[in-house]
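For the sequence shown, the numbering used here begins at 83 and goes up steadily by one.
Following: one structure in structure tokens, then a few remarks.
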Amino acid sequence: MNILMISGSRNLEGQTAQAAGTLLEGASAVGIEGEMIFLPQLIIERCRQCDDDGWGVCSKEGRCIIDDDFASIFQKIKEADAVVVATPVYFGDLSESLRAFTDRLRRICFKGGGSKEIGDKPAIGICVAGGRGFGASECCFHLDKVLRICGFNVIDMIPARRQNLDTKLPHLRLIGKGLVTK
Ligand SMILES: Cc1cc2nc3c(=O)[nH]c(=O)nc-3n(C[C@H](O)[C@H](O)[C@H](O)COP(=O)(O)O)c2cc1C
Numbered sequence: 083m084n085i086l087m088i089s090g091s092r093n094l095e096g097q098t099a100q101a102a103g104t105l106l107e108g109a110s111a112v113g114i115e116g117e118m119i120f121l122p123q124l125i126i127e128r129c130r131q132c133d134d135d136g137w138g139v140c141s142k143e144g145r146c147i148i149d150d151d152f153a154s155i156f157q158k159i160k161e162a163d164a165v166v167v168a169t170p171v172y173f174g175d176l177s178e179s180l181r182a183f184t185d186r187l188r189r190i191c192f193k194g195g196g197s198k199e200i201g202d203k204p205a206i207g208i209c210v211a212g213g214r215g216f217g218a219s220e221c222c223f224h225l226d227k228v229l230r231i232c233g234f235n236v237i238d239m240i241p242a243r244r245q246n247l248d249t250k251l252p253h254l255r256l257i258g259k260g261l262v263t264k
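Set out below in structure tokens:
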């Protein structure tokens, strides 16, 4: 079994990475392999809203015409047994890099062939409000919604804030361990 972790944080050692990394540690303890991707390191253009009606090739063929790192991440999602999507909470919402990615992912999955390939793949969301600590559950709502539109089977959504991150870490480790049975 292997997990793909997609992070919308640019901080490789920040709070989001710590939360997601702890879940992966739990998974690793039971023999699950994991790979981490940090979206801000990659080139993910925003959706071009192709065609006058706003629907492009994505809606018909389940692929995006933009030649950047998007397609390779989608390939990794298809190859993974489960996906963990982690984001720092910005304005009670997803980070911009994750939003750009999910904006395009939902398009190729919604009408095109993509969702068949994602086909109920288990997904877990982690939203870390690392500032004043507000907006983590609101962010979870947005992340849960977009992942479900993409066709994922969202099995858990974990809000965390700077003030309670330490208490959430053991829980995240257990969730990682529990993935083996999913
Ligand atoms: C543009 C922006 C908006 C932010 N909005 C919030 C917020 O709504 N609530 C909050 O608690 N923290 C907010 N923060 C703080 C981030 O959540 C915090 O820096 C993040 O968790 C750090 O994660 P990282 O260590 O992975 O970078 C914001 C930070 C930025 C840069």
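Just so you know, even glycine gets a beta-carbon here, dropped at the ideal spot from N, CA and C.
Here the structure is a predicted model, which means the values were calculated and not measured.
Nearest-angstrom Cβ-Cβ length linking residue i and residue j, presumed shorter than 8 Å
{"i": "Val166", "j": "Met239", "result": "With a Cβ gap of about 11 Å, Val166 and Met239 do not count as contacting."}
{"i": "Arg244", "j": "Gln97", "result": "7 Å"}
{"i": "Pro122", "j": "Arg145", "result": "Their Cβ separation, rounded to whole angstroms, is 24 Å, which puts Pro122 and Arg145 out of contact at 8 Å."}
Neighbourhood of residue i by C-beta distance below 6 Å, restricted to the same chain and skipping five residues each side
{"i": "Met83", "result": "Ile114 and Asp163"}
{"i": "Gly138", "result": "Cys132"}
{"i": "Pro204", "result": "Ala164, Asn235, Ile237 and Lys264"}
{"i": "Asp185", "result": "Cys129"}
{"i": "Met118", "result": "Met87"}
{"i": "Gly233", "result": "Cys191, Ser197 and Ile200"}
{"i": "Lys160", "result": "Glu199"}
{"i": "Asp183", "result": "In the sequence as presented, Asp is not what sits at residue 183; that position holds Phe. Within the same chain, Phe183 has close Cβ partners Leu121 and Ile126."}
Strand pairing of residue i, partner residues [DSSP]
{"i": "Met239", "result": "Gly207"}
{"i": "Pro170", "result": "Val210"}
{"i": "Gly113", "result": "According to DSSP, Gly113 bridges with nothing at all."}
{"i": "Val165", "result": "Leu86 and Ala205"}
{"i": "Phe192", "result": "Looking at the DSSP assignment, Phe192 forms no beta bridge with any residue, so it has no partner."}
{"i": "Ile119", "result": "Ile88"}
{"i": "Asp175", "result": "Tyr172"}
Close beta carbons around residue i, own chain, < 8 Å, minus the five adjacent residues each side
{"i": "Ser110", "result": "Gly116 and Gly258"}
{"i": "Lys250", "result": "Ala101, Ile240 and Ala242"}
{"i": "Cys222", "result": "Gly207, Cys209, Met239, Ile240 and Pro241"}
{"i": "Ile125", "result": "Asp150 and Asp151"}
Residue i CB to nearest heavy atom of ligand 1 below 6 Å
{"i": "Ala211", "result": "yes"}
{"i": "Gly201", "result": "no"}
{"i": "Thr98", "result": "yes"}
{"i": "Pro122", "result": "no"}
{"i": "Val171", "result": "yes"}
{"i": "Arg230", "result": "no"}
{"i": "Asn281", "result": "Nothing about residue 281 can be reported from this structure: the residues present for the chain run from 83 to 264 only."}
{"i": "Arg214", "result": "yes"}
{"i": "Gly217", "result": "yes"}
{"i": "Gly207", "result": "no"}
{"i": "Gly174", "result": "yes"}
Close Cβ partners of residue i (< 7 Å) along its chain, the five nearest in sequence each way excluded
{"i": "Leu225", "result": "Val167, Thr169, Leu176, Gly207, Cys209 and Met239"}
7 Å Cβ cutoff, residue i in contact with chain D
{"i": "Ser179", "result": "Although the question refers to chain D, the structure presented lacks it and comprises just one protein chain."}
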